[in-house]
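Some notes on the structure that comes next.
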Amino acid sequence: MYFTLVAGGKAETYACCQGCPSLLSDSILPSLALGLKLTVPTPVGRGKCPTCGFRWADFDRVHRFGCATCYEAHAPQALATIARIQPGLEHHGRRPYDAVADREAKLTKARLLLKSALKEEDYETAAVLRDQIAGLEAGPAEANQ
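In this text, residue positions in the sequence shown follow the working numbering: the first is 1, and each later residue adds one.
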């Protein structure tokens with residue numbers, strides 16, 4: 001169901017689901033009878049930000065949001081855009097040397113290599129990997145020594 005509201009010389013068209021007509025009859029008709037401008041909130045992720053009024057079309061134009069609430073209001077479009085631009089939602093670029101995620105990735109890789117070395121009975125490599133794992137688990141200060 002669609003309806004158009006003309007107020008102050010501006011026409012605004014609204015789309016409603018099947019459950020809305022009963023709500024609309026209770027809220028729109030009294031507002032129209034009083035001559036008040038009706039504002040119907042748009043679903044999250046559509047239309048404009050409830051805080052600053054920033055629209056997704058504005059983001060397409062300037063490539064930044066208007067306020068912190070815009071991230072929530074336009075989340076579906078933002079996530080779809082990010083998915084189109086880059087392969088995933090996880091950061092794979094440069095990080096500080098002692099970044100926790102980087103250390104965790106090194107730990108995981110070293111543990112897999114250790115398991116493989118032990119399976120192949122390569123005990124010299126396993127000992128080196130064991131020491132690397134101990135250093136990584138101890139933290140960034142001990143891992144650099």
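Cβ atoms here follow ideal geometry from the backbone N, Cα and C, with glycine treated the same way.
All of these numbers come straight from a predicted model, not from anything done at the bench.
For Asp122, no alpha helix (DSSP H) encloses it, and the DSSP letter there is neither H nor E. For Lys48, the pairing in a beta bridge is given by DSSP as Arg55. Assigned with DSSP and collapsed to three states, Gln86 falls in coil, not helix or strand. In this structure Leu136 is in contact with Lys106, their Cβ atoms being roughly 6 angstroms apart against a cut-off of 8 angstroms.
When only Cα atoms are considered, Arg94 and Ala83 end up about 20 angstroms apart. The three-state secondary structure of Ala73, taken from DSSP, is helix.
Within the same chain, and ignoring the five residues on either side of Cys70 in sequence, the residues whose Cβ sits closer than 6 angstroms to its Cβ are Cys49 and Phe54. In the displayed model, Ala68 falls within coil according to three-state DSSP, outside both helix and strand. In the displayed model, Gly135 falls within a helix according to three-state DSSP. Contact annotation, Ala110 with Ile85: C-beta distance approximately 32 angstroms; criterion of less than 8 angstroms not satisfied. When secondary structure is reduced to three states using DSSP, Arg111 falls in the helix class.
Between Gly139 and Leu129, the alpha-carbon positions lie close to 16 angstroms from each other. Arg94 carries a coil assignment under DSSP once its states are collapsed to helix, strand and coil.
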